[in-house]
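These notes are about the structure you will find just below.
There are 4 protein chains.
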Amino acid sequence: MSGSIYGTLFRISTWGESHGKGVGVTIDGCPSGISLCEEDVQKDLDKRKPGQSPFSTPRKEKDEVEILSGIFEGKTTGTPIAMIVRNTNQRSYDYTEISKIYRPGHTDYTYDQKYGFRDYRGGGRSSGRETTARVAAGAVAKKILSEIGIKITGYTSSIGPIKVNKDHFKEEEIWNNFLSMPDVEAVKLAEEYLTKLKEQGNSSGGSIECIVSGMPSGLGEPVFDKLDANLAKGLMSVGAVKAIEIGAGIEVATKTGIENNDFYQYQEDGRIIKESNNAGGIIGGISDGSDIFLKVYIKPTPSIEMTQRAVNKNGENVEINVEGRHDPIIVPRAVIVVEAMVALTLVDMLLINMSTKMDNVLKVYNKD
Amino acid sequence: MSGSIYGTLFRISTWGESHGKGVGVTIDGCPSGISLCEEDVQKDLDKRKPGQSPFSTPRKEKDEVEILSGIFEGKTTGTPIAMIVRNTNQRSYDYTEISKIYRPGHTDYTYDQKYGFRDYRGGGRSSGRETTARVAAGAVAKKILSEIGIKITGYTSSIGPIKVNKDHFKEEEIWNNFLSMPDVEAVKLAEEYLTKLKEQGNSSGGSIECIVSGMPSGLGEPVFDKLDANLAKGLMSVGAVKAIEIGAGIEVATKTGIENNDFYQYQEDGRIIKESNNAGGIIGGISDGSDIFLKVYIKPTPSIEMTQRAVNKNGENVEINVEGRHDPIIVPRAVIVVEAMVALTLVDMLLINMSTKMDNVLKVYNKD
Amino acid sequence: MSGSIYGTLFRISTWGESHGKGVGVTIDGCPSGISLCEEDVQKDLDKRKPGQSPFSTPRKEKDEVEILSGIFEGKTTGTPIAMIVRNTNQRSYDYTEISKIYRPGHTDYTYDQKYGFRDYRGGGRSSGRETTARVAAGAVAKKILSEIGIKITGYTSSIGPIKVNKDHFKEEEIWNNFLSMPDVEAVKLAEEYLTKLKEQGNSSGGSIECIVSGMPSGLGEPVFDKLDANLAKGLMSVGAVKAIEIGAGIEVATKTGIENNDFYQYQEDGRIIKESNNAGGIIGGISDGSDIFLKVYIKPTPSIEMTQRAVNKNGENVEINVEGRHDPIIVPRAVIVVEAMVALTLVDMLLINMSTKMDNVLKVYNKD
Amino acid sequence: MSGSIYGTLFRISTWGESHGKGVGVTIDGCPSGISLCEEDVQKDLDKRKPGQSPFSTPRKEKDEVEILSGIFEGKTTGTPIAMIVRNTNQRSYDYTEISKIYRPGHTDYTYDQKYGFRDYRGGGRSSGRETTARVAAGAVAKKILSEIGIKITGYTSSIGPIKVNKDHFKEEEIWNNFLSMPDVEAVKLAEEYLTKLKEQGNSSGGSIECIVSGMPSGLGEPVFDKLDANLAKGLMSVGAVKAIEIGAGIEVATKTGIENNDFYQYQEDGRIIKESNNAGGIIGGISDGSDIFLKVYIKPTPSIEMTQRAVNKNGENVEINVEGRHDPIIVPRAVIVVEAMVALTLVDMLLINMSTKMDNVLKVYNKD
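Below you can see the structure in the form of structure tokens.
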């Protein structure tokens, strides 16, 4: 097992390296009868692709997806959907030096320890380029969710010390700026902050928030496959994520029971709502029908053009100063990746939940 | 799938409810030849069992484990190890009222939504009693880890506003007080805090930190089965956990690259170490051989004896004030559960990693 | 992984040895809302239990099942159903000799090779006693199938050279005789045959046929999880099975296309039927709605009281003559085991198939 | 789940249709450090590719494999290996008629029942063309097995009534004739038989035998993941297979215990051998170190140019006579597919078995 398959019923299998022939994904378990074309996938890929902002890597990739299977007459057939994005802009580069050094914050050392050697060109399999495949699959997952009425909204919530002000929140701004931020004032401050870091050859961390609306209740399986447990896995599997919160997150630790419990009340239309949402839409690992709220914290890009202490394979301590085409901030490009992982996890739990009630089994087999 | 199986090679399957006949676990995939007896398991169960502290539920359970299979002449045979802990102290109780109400912070509503009805006695399957099975299995996992030299140390790091002071840290204190805290001064303050909350019928949240030492490098599978991704799943699957950090955690979001990168250097003995450990021992989802550091944040017990707004199944808004045998704080009893989930996840990744290098395959089959 | 978990959505986890404390099974993923009591399970266990026939082991076991979890007010809750059958009649026996010998046809040698040592008492985990757990879980699976209208009928189709004559087939006879044969004349001949073998201390092989009626079409997943592929796995996992046929089975190899193809025609009620059923109800790995027909071939019990050549652990060739309580024929007791494996596999495929069409997803989430 | 992923640690994910852009496979979990190039894979694909024989479909496909990822400097990196074979010779064809008819022996009806519609061009996903991906992955599996000394030899053992005579067996003939038969006299007779059938527009079934030599003992997991159980699944998942035998197969049913038991004896070199091999190299689901012997029975190609009764989607009974490019016999081309499934299953069990003994764990982590 090399860890590149995700899901139980809606399963994706990804492959590809930064400087290989491309990256790709095969979806096994997409239900039949869903309208799907390359444009559905391309529009999410375009939100992730590099070379669009002064704050992302200047590497130019068109990131054009080709669907290779699983669609017939514009609809999913129920059999595997394979997609490929060819690499076109791997810069020729002399890797002689880098191949012998373990860079701080990079996977050079751990891959060598695990596998005995590594594809050192651009990070190989550990490159952020791998997330292209997640985004492609995520776009398909979103199509399914949208038929149920589920919508996922991710955005950059902070960059270094600059935080989005909830009072300025405008959803329509998210994809209007280079930083995927829903607050135009925060964007201005963050751009200044990043410009300064970029001049130093330094980089910045940040955070991403994600809201899921239109959720049915009942998704998530008790004990180990709780909805939040599987979301946590999916999100922590994104390269640079180092912390995850659901609902009130770390604040629950300093709250008391009476402060943290979300009281219920009936709406006039007979629906049950909660007066607050510290739970973030998930109780006991099962969705309660209110919005899911989650947040991830992302470390600064390890690739910086500053002098660092490192080691080489000859047993020597060395100083390095890595040049290359890197993002001073990866957070804005990771927003669509976070959305993808949430979508992929939700679709899987949605399908798994179908068989948990005998009533549903009878409904599908027309025996009710 | 109802989510009660965990792991790929070292797989546990758990069962049981708060007020049923007991709880149990079957381990499928424990390697053969490990010394194991009931006492090995009992000593971890004793750290979790209720009724030992003024701050935990007064329910008295001996939590005596019986090993039913998989051991022969004191050693694991490689076949399934089944363990059972019988419930003995389910208080008789009139559930008529509770069966019709959805209590804030409890799983009453979500279980009914998912399954159509629920075992409402003491929370049924969603009770914290379920974690007994995790702890039993975790004790077996720890035996395996200890043979490799891996040690897991968890402790309460905060209760409400009271935090452990790292300068006062004494590992030997952890199991010396009711709160599983390694700082005697923090214990005193926390006891005062909890006593006050208890008088009000209120409860407190808190946090747990966990350190894993003696780690081999190379554990964790790229992309989706990263070591931190699987740890995040395991930990978030513990009932009340609402946030998880690995290494520097949420702080990485406000750091710059030069601050966050951990520089390498060679030790005199030829080993590579990192000057800092913001990564928390995991880079690119793979262990780097330094200590793993992680932290979870736990919500306050939802069971409080204070008036709350809730709803009943007749479509009415009601006020409730739940009595029962509940913990004003569950954090101290959750420490051993956190250790168990870390142990279970690490053993699984340890076994999975064995086959990732052809050199290892040849070593096992004596072809090198 | 030690191979004792079966299924994807309807997952069973079994444990237990011949001479340990008992055997058991936990079902994870049984839909909620199904009526279930111990009697439902006991009636299948009673068909398997030893000591009922002159041709099965004289070991007396009541094989009384206890359901430990997952039922509330007579219905499945959707959470794990744990069941245990305690061993009560392990005869005390001197295993000194047997522990050092590798008996022909037994697992002594392969278990030692795999695990380094073995529980040699009565075959340990490799004992046929393990199938008790399959039968218990299978009984639950049958309850689900029966709500959909699916019925499974297994029977002994041959014992040694004695074959059931299809013209004499009487379903009601199957559980009326010691040999689970639907043909009273064949029973008589088989009893004579077995009596003679028993006197010699020898044993007999045989075959079991199984018919599944009331099948919905559409079960089975393309390529690797074909319905017949998963049935083949489930059936071949029963200890002594050495061959499996679906539909016309081995005869297809000598047929031509025109002979083997099953022609379709419309019934007057608009249903499509096939004029023949060489396919055995499965085409391209997917059920076609006609009866499933399958057959397994079972080797003779290896435990015989005749002199055989064997080896011991001291490096010596030896002659052995094993005494013990063994079945001269295990086929009749395996009928209910075959039914159980078919039921377990079908339920799993039934639940998996629910999510393969978007129409079904919409139906369950009330969006159609 | 649509069933196109196979394996636990060595996992393959396949995709592609007969008349789509191509077929492909991604291997997740191939150990690092194995020499691998496209030629290693191509030589197995060449044994399967169509258009080489008077008895296989005249469709011309070069079946050229492109490796897209997972190789660096000629060696596997341990990360996913993606391979693609583009379709180049899909004949343009008028499918108007075929799209409305359910042909006997084909998957038209079952796919429509399962998915609501189907890609009817050349069978879509249910086409034998899907096996290209299995063969490509199987070639990689064989590279691993060969490093352990395991060799797989498959061959056509019968075509219709013509059987290979064991006395004429010549391994070197297998790939010397169009029919993959190791007996030149049988080849002659079979060619005559097939020529006659072809003139009629009819087709033939047949059988394939497969021998695995150089097996280590200990592979296979007790109870459900027995080695023979997983082999049975893998083999039955090949489209046209309708029966499977391990070792003595169906003959065990008419044998007595004394006839069927394989006696052990020590060789002069201290190795244990069996005097016979009715077990086919597997006892209790675990390899015993002797050769594995298995046999599959394959139905005649359903595509025949003869008049058959069928139904259409308008509710009418019709007569059809399908023209197309089909194989009068698929058995010879399936030999390499059988080998592939055996190789894929064995590698997976080989890797899984590594962690079943604590001794092995310690060996890999250098603690012994």
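Quick note, the sequences are listed as chains A, B, C and D, same order. Each residue of the first sequence is one higher than the one before, counting from 1428 in my numbering. Each residue of the second sequence is one higher than the one before, counting from 1428 in my numbering. Each residue of the third sequence is one higher than the one before, counting from 1428 in my numbering. Each residue of the fourth sequence is one higher than the one before, counting from 1428 in my numbering. A virtual CB, placed ideally from N, CA and C, is assigned to each residue, including glycine.
CB-CB length for residue i against residue j, believed under 8 Å
| i | j | result |
| --- | --- | --- |
| D:L1436 | D:D1775 | 6 Å |
| D:V1765 | D:G1581 | 5 Å |
| B:D1467 | B:K1570 | 6 Å |
| A:G1501 | C:T1783 | Wrong, their Cβ atoms sit about 19 Å apart, outside the cutoff. |
| D:T1683 | C:P1588 | That pair is no contact at about 10 Å. |
| D:M1768 | D:V1665 | 6 Å |
| B:V1758 | B:T1583 | 5 Å |
| C:G1712 | C:L1654 | 6 Å |
| D:M1733 | D:N1748 | 7 Å |
Those residues which DSSP pairs with residue i across a bridge
| i | result |
| --- | --- |
| C:C1637 | C:G1581 and C:L1721 |
| A:A1737 | A:V1745 |
| B:W1442 | B:G1451 |
| D:T1683 | C:S1631 |
| A:Y1691 | A:K1701 |
| B:T1503 | B:I1498 |
| C:V1512 | C:V1450 and C:V1492 |
| A:Y1620 | A:Y1620 pairs with nothing; no bridge assigned. |
| C:I1525 | DSSP, once it has assigned bridges, lists no residue as partnering C:I1525. |
| A:I1826 | Since the first residue shown for chain A is 1428 and the last is 1795, residue 1826 of chain A is missing from the structure and cannot be characterised. |
| D:I1586 | D:I1589 and D:G1633 |
Residue i - containing beta strand (DSSP E), residue span
| i | result |
| --- | --- |
| A:I1796 | The requested residue 1796 of chain A is not part of the displayed model; chain A covers only 1428 to 1795. |
| A:T1453 | G1449 to D1455 |
| D:E1732 | Run containing D:E1732: none; DSSP gives neither H nor E here. |
| C:V1668 | V1668 to I1673 |
| D:E1766 | Careful: D:E1766 lies outside any beta strand (DSSP E), inside the alpha helix (DSSP H) at V1758 to N1780. |
| B:M1428 | Taken as a continuous stretch (DSSP letters only), B:M1428 belongs to no beta strand (DSSP E), as it is neither H nor E. |
Alpha helix (DSSP H) segment containing residue i, residue limits
| i | result |
| --- | --- |
| C:M1608 | Taken as a continuous stretch (DSSP letters only), C:M1608 belongs to no alpha helix (DSSP H), as it is neither H nor E. |
| B:R1475 | E1465 to R1475 |
| D:I1571 | T1558 to I1575 |
| C:L1789 | M1785 to V1791 |
| C:L1436 | Premise fails: C:L1436 is in no alpha helix (DSSP H) and is neither H nor E. |
| D:T1537 | D1535 to Y1542 |
| D:D1655 | L1654 to M1663 |
- Any 3 or more C-beta pairs closer than 8 Å across the stretch 1656-1676 of chain A and the stretch 1697-1707 of chain A: yes
- Task: Would you list, in chain order, the members of the stretch 1524-1557 of chain C that have their beta-carbon closer than 8 Å to a beta-carbon of chain D?
- Result: Y1529, P1531, G1532, H1533, T1534, Y1536, T1537, Y1538, Q1540, K1541, Y1542, G1543, R1552, S1553 and E1557
- Touching by the beta-carbon criterion (3+ pairs, under 8 Å), the stretch 1638-1652 of chain A and the stretch 1545-1564 of chain B: yes
- Residues in the stretch 1645-1679 of chain B with C-beta within 8 Å of chain C's C-beta atoms, listed in sequence order? none
- Would you list, in chain order, the members of the stretch 1777-1788 of chain A that have their beta-carbon closer than 9 Å to a beta-carbon of chain C? L1777, L1778, I1779, N1780, M1781, S1782, T1783, K1784, M1785, D1786, N1787 and V1788
- Below 8 Å, can you find three or more Cβ-Cβ pairs linking the stretch 1721-1740 of chain A to the stretch 1601-1611 of chain A? no
- Query: Can you list, in chain order, the residues of the stretch 1727-1745 of chain C whose Cβ is nearer than 8 Å to any Cβ on chain D?
  - Reply: P1727, T1728, P1729, S1730, I1731, M1733, Q1735, R1736, A1737, V1738, G1742, E1743 and N1744
- Does the stretch 1437-1449 of chain B come close enough to the stretch 1442-1459 of chain D that 3 or more CB-CB pairs lie under 8 Å? no
- Would the stretch 1559-1579 of chain A and the stretch 1719-1726 of chain B be scored as touching if the rule is three or more Cβ pairs under 8 Å? no
- Task: Mind the definition here: the stretch 1476-1488 of chain B touches the stretch 1529-1541 of chain B only if three or more C-beta pairs lie below 8 Å; say whether that holds.
- Result: no
- Query: What residues in the stretch 1587-1609 of chain C bring their beta carbon closer than 8 Å to a beta carbon of chain D?
  - Reply: G1587 and P1588
- Is the stretch 1624-1633 of chain A touching the stretch 1679-1695 of chain B in the sense that three or more CB pairs, one from each, lie closer than 8 Å? yes
- In the stretch 1444-1466 of chain D, which residues sit with their C-beta less than 8 Å from some C-beta in chain B, listed in chain order? G1456, P1458, S1459, G1460 and I1461
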